[in-house]
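Everything on this sheet refers to the single structure shown next.
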Amino acid sequence: MSQAVADLPENLESLRAIIAAQAAELAEANRRLHTRDTLIEKLKAQLALLRRARFGASSEKVAREIEQLELALEDIEASAGETAPPPVRKAEAEKNKPARQPLPDHLPRIEEVHEIGDCACPTCGGRDFLKAGSVVSEVLDYVPASFRVVRHVRRKMVCKGCDTEIKAAMPSPPIERGKPGPGLLAHVLVSKYCDHLPLYRQSEIYAREGVELSRSTMADWVGQANALLAPLVETLRAHVFAGNRLHGDDTPVPVLDPGRGKTKEGRLWTYVRDGRPWADETAPAVAYFYSPDRKGERPRKHLESFRGVLHADGYAGFRHLYEPKKPGEAPAILEAACMAHARRQFFDLTVAGPAPIADEAIKRIGEFYDIEATIRGAPPERRRQVRQELTAPRFAAFRGWLETMLAQLPRKSGTAEAIRYALARWTALGRFIDDGTIEIDNNAAERSIRPITLGRKNWLFAGSDRGGERAAGILSLIGTAKHNGIDPEAYLRSVLAQIADYPAKKVADLLPWGDAFTAKTA
Numbered sequence: 033m034s035q036a037v038a039d040l041p042e043n044l045e046s047l048r049a050i051i052a053a054q055a056a057e058l059a060e061a062n063r064r065l066h067t068r069d070t071l072i073e074k075l076k077a078q079l080a081l082l083r084r085a086r087f088g089a090s091s092e093k094v095a096r097e098i099e100q101l102e103l104a105l106e107d108i109e110a111s112a113g114e115t116a117p118p119p120v121r122k123a124e125a126e127k128n129k130p131a132r133q134p135l136p137d138h139l140p141r142i143e144e145v146h147e148i149g150d151c152a153c154p155t156c157g158g159r160d161f162l163k164a165g166s167v168v169s170e171v172l173d174y175v176p177a178s179f180r181v182v183r184h185v186r187r188k189m190v191c192k193g194c195d196t197e198i199k200a201a202m203p204s205p206p207i208e209r210g211k212p213g214p215g216l217l218a219h220v221l222v223s224k225y226c227d228h229l230p231l232y233r234q235s236e237i238y239a240r241e242g243v244e245l246s247r248s249t250m251a252d253w254v255g256q257a258n259a260l261l262a263p264l265v266e267t268l269r270a271h272v273f274a275g276n277r278l279h280g281d282d283t284p285v286p287v288l289d290p291g292r293g294k295t296k297e298g299r300l301w302t303y304v305r306d307g308r309p310w311a312d313e314t315a316p317a318v319a320y321f322y323s324p325d326r327k328g329e330r331p332r333k334h335l336e337s338f339r340g341v342l343h344a345d346g347y348a349g350f351r352h353l354y355e356p357k358k359p360g361e362a363p364a365i366l367e368a369a370c371m372a373h374a375r376r377q378f379f380d381l382t383v384a385g386p387a388p389i390a391d392e393a394i395k396r397i398g399e400f401y402d403i404e405a406t407i408r409g410a411p412p413e414r415r416r417q418v419r420q421e422l423t424a425p426r427f428a429a430f431r432g433w434l435e436t437m438l439a440q441l442p443r444k445s446g447t448a449e450a451i452r453y454a455l456a457r458w459t460a461l462g463r464f465i466d467d468g469t470i471e472i473d474n475n476a477a478e479r480s481i482r483p484i485t486l487g488r489k490n491w492l493f494a495g496s497d498r499g500g501e502r503a504a505g506i507l508s509l510i511g512t513a514k515h516n517g518i519d520p521e522a523y524l525r526s527v528l529a530q531i532a533d534y535p536a537k538k539v540a541d542l543l544p545w546g547d548a549f550t551a552k553t554a
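Per the working numbering, the sequence shown starts with residue 33, numbered consecutively.
Written as structure tokens, this is what we have:
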């Protein structure tokens, strides 16, 4: 018999007292553990909330002002490149053009030889030629993690009948008479707008590789590339608004206001077309727009041709979109409110301390999301059936519970405000239950905004409103490539290699799902 067993009293009541005392100690230990875990979760929630809300001037004020000025110069120089007249193509201009800095000798050279092929002399129609050497031009290109120089060798031939000289054709460069190849230009655009590296920082990075590319030079490239890509951006936006289900959102963007020496607040708007949650095979896409303010006329202009359901938050500027244009008519746009926004109202209440009503609301909303997880990617009718059977009764019960809780709360309490936020949008919040093509929330739009928010301090539109418009267009192409699972740099490289010579009427073929891009990357 062990000593511990021997020490136990023989009296039954004493044993019970010892067991009760140990149970109490265990309960107290569990309570302390629960309190600790709760505190940890609360602190995590506070940290997450602060990270979402964090925005302000850096403590390194002078450095930030310098960065803003650098970015302002980028926008100004890019705008100049975008509006510059096309270069003169005459032979005289070729002879008199100023000498340019040669491309670095230490970079590897890759030759692409362009043969003339079977052709006739343009002067006399003869087909018998003599070799006459080659014409060589070089462009600076970029492949991931390295520079290279591509030598375009164009074979020349001389007609035996009349001595006419002809040269092999080569693809037009993305920037006429410029040095950047499509790979380098794509890399500069993606680094600036996707990886949040301003041009002056890129210039410093390239200098470490022995390639001197000034900020002003790259800014000129960005402006010209934007002008070249503009028709494709417009085609992409038309695709987005051709659907009947959209997700919309916006986010603030600081813009340098040179006249006042301060920054003003512009807006970046996003509209996402994505039918994958209900098994729609139409290619997903995102369109961004910039505006200098948040007036309701901005989304009205963006959505003037759209007809269908708009997933959005409670922004007042959207309200006029849901109103019929004439009495008795159905509205052209139906609102689908965001359950994630309603849930966030309750979640924020849990940060300050115990909030049992908010916790219960979050739990009930979580049940809706658990059901949604089981039908994501299913056909619309299946989604509607499951929602009618499982979500509808829970949704009705949730409303009854919210109304009961609201009647017991002080009118100005935070919990009452969160409840009123949900009840005021109840019809729009529940619209997804009766339609399998409608989502429970607007997270598709929020996901498209998140990269902008995360990189905002690095890629401030610190120069001008025009810089914001330029970024919105290029971000539309980058974001759409990512939505389709395509590396945006590979996509832009393919597009920039073709678009200068591509027929304007067929530019839709250059979208990420188009035949031209597929053929180029196959």
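Backbone N, C-alpha and C fix where the C-beta goes; we use that ideal spot for every residue, glycine too.
Every value quoted in this text rests on a predicted model; they were computed, and no experiment measured them.
request  = Report the rounded CA-to-CA distance for E92 versus W545, giving the unit in angstroms.
outcome  = For E92, the predicted model reports a pLDDT of 42, less than 50, meaning its position is unreliable and no value from the coordinates is stated.
query = Measuring CA to CA, which of H138, I365, L542 and G165 is closest to E147?
reply = With distances taken between Cα atoms, E147 lies closest to G165.
message = Within a Cβ cutoff of 6 Å, which residues of the same chain sit near R187, ignoring the five residues on either side of it in sequence?
response = Answer for R187: E147, I148, S166 and A200, listed in chain order.
query = Where does A315 fall in DSSP's three states?
reply = Taken through DSSP and simplified to helix, strand or coil, A315 comes out as coil.
query = Leaving out five residues before and five after D289 in sequence, what residues of the same chain have Cβ atoms less than 7 Å from its Cβ?
reply = Excluding positions up to five away in sequence, the list reads T295 and K296.
inquiry  = If I measure Cβ to Cβ from D473 and keep anything under 6 Å in the same chain, skipping five residues before and after, which residues do I get?
reply    = If you ignore the 5 residues before and after D473, its C-beta comes within less than 6 Å of the C-beta of C370, M371 and A372, all in its own chain and listed in chain order.
task = Take the Cβ of E404 as the centre, count every other Cβ of all protein chains shown within 10 Å, and call the residue buried at 16 or more, exposed below.
result = With 16 or more Cβ atoms within 10 Å of its Cβ, E404 is classed as buried.
ask   = Expressed to the nearest angstrom, what Euclidean distance is found between the alpha-carbon atoms of A345 and V145?
value = With the sequence shown as reference, residue 345 is identified as Asp, and Ala is not the correct amino acid for it. One C-alpha to the other measures close to 55 Å.
request  = Give the single residue among P535, I389, G328 and Y523 whose Cα lies nearest to the Cα of A439.
outcome  = Nearest C-alpha to A439: I389.
inquiry  = Looking at the strands, I want to know which residues DSSP matches up with K188.
reply    = In the DSSP assignment, K188 is bridged to K199.
ask   = How long is the line joining the alpha carbons of Y225 and A504, rounded to whole angstroms?
value = Annotation: Y225 to A504 spans about 9 Å, alpha carbon to alpha carbon.
inquiry  = Suppose you measure from the CA of F338 to the CA of G462; what does that come to, to the nearest Å?
reply    = Each residue's alpha carbon lies about 22 Å from the other.
query = Going by other Cβ atoms of all chains shown within 10 Å of its Cβ, with 16 needed for buried, is I506 buried or exposed?
reply = Sixteen is the threshold: when 16 or more other Cβ atoms of the shown chains lie within 10 Å of the Cβ of I506, as they do, the residue is buried.
ask   = By how many angstroms is the C-alpha of A513 removed from the C-alpha of L172?
value = Taking the straight line joining both Cα atoms gives about 25 Å.
Buried/exposed call for E355, threshold 16 Cβ in 10 Å = With fewer than 16 Cβ atoms within 10 Å of its Cβ, E355 is classed as exposed.
key: Q133 versus E244, I394 and L543, residue with shortest Cα-Cα distance   = Per the C-alpha coordinates, the member of E244, I394 and L543 positioned closest to Q133 is E244.
key: Extent of the continuous alpha helix (DSSP H) run through G298   = Not the alpha helix (DSSP H): G298 falls in the beta strand (DSSP E), residues K294 to R305.
request  = Starting from the C-beta of A52, find all residues in its chain whose C-beta is less than 8 Å away, skip the five residues before and the five after it, and write them out in chain order.
outcome  = None.
ask   = Around the Cβ of R240, are there at least 16 other Cβ atoms within 10 angstroms (buried) or fewer (exposed)?
value = Answer is exposed; the Cβ neighbour count stays below 16.
Neighbourhood of L216 by C-beta distance below 7 Å, restricted to the same chain and skipping five residues each side = The beta carbon of L216 is closer than 7 Å to those of L172, D173 and Y174 in its chain, skipping five residues each way along the sequence.
key: Residue of K444, R269, T469 and E329 minimising C-alpha distance to E413   = Among K444, R269, T469 and E329, the Cα nearest to that of E413 is on T469.
message = Measuring alpha carbon to alpha carbon, tell me which residue in R269, M189 and D380 is nearest L162.
response = Looking only at R269, M189 and D380, the smallest Cα-Cα distance to L162 is reached by M189.
task = Count the other CB atoms, across all protein chains shown, that sit within 10 Å of the CB of A125; report buried if there are 16 or more and exposed otherwise.
result = The pLDDT assigned to A125 is 49, lower than 50, so where the model puts this residue is not dependable; a value taken from the coordinates is nonetheless given after this. Looking at its Cβ environment, which holds fewer than 16 other Cβ atoms inside 10 Å, A125 is exposed.
query = In terms of DSSP beta bridges, what is S178 paired with?
reply = According to DSSP, residue pairing for S178 in a beta bridge involves V175.
ask   = For the 8 Å Cβ check, are there 3 or more pairs between the region 389 to 403 and the region 436 to 455?
value = Contact holds: three or more Cβ-Cβ distances are below 8 Å.
query = Which residue spans inside the region 209 to 259 form an unbroken alpha helix (DSSP H) run of at least 4?
reply = Taking 4 residues as the shortest admissible run, the region 209 to 259 contains the following complete alpha helix (DSSP H) segments, listed from N- to C-terminal end: 214 to 225 and 231 to 240.
ask   = Do the CB positions of L381 and G340 come within less than 7 Å of each other?
value = No, these two residues do not count as a Cβ contact at 7 Å.
inquiry  = What does the alpha-carbon distance come out to for the pair L542 and Q234?
reply    = Roughly 27 Å separates the two Cα atoms.
message = Is the separation between the beta-carbon of M250 and that of V220 shorter than 7 Å?
response = The criterion of a C-beta distance shorter than 7 Å is satisfied by M250 and V220.
ask   = With 16 as the cutoff for other CB atoms within 10 Å, does D402 come out buried or exposed?
value = Of the residues assessed, D402 falls on the exposed side of the cut-off, its CB having fewer than 16 other CB atoms within 10 angstroms.
message = Please state whether the Cβ-Cβ distance between T485 and T302 is less than 7 Å.
response = Taking 7 Å as the Cβ cut-off, T485 and T302 do not qualify as a contacting pair.
request  = Taking only the alpha-carbon atoms, compute the straight-line gap between P212 and R525 and give it to the nearest angstrom.
outcome  = Approximately 11 Å between the Cα atoms of the pair.
ask   = Taking the alpha-carbon positions, what's the A368 to I465 distance?
value = The alpha-carbon atoms of A368 and I465 are separated by roughly 11 Å.
ask   = DSSP three-state call for E170: helix, strand or coil?
value = In this structure, E170 counts as strand in the three-state DSSP scheme.
Neighbourhood of H334 by C-beta distance below 6 Å, restricted to the same chain and skipping five residues each side = F321.
Candidates G409, P483, Y523 and I518: closest to D227 by CA position = In this structure, P483 is the residue among G409, P483, Y523 and I518 with its C-alpha nearest to the C-alpha of D227.
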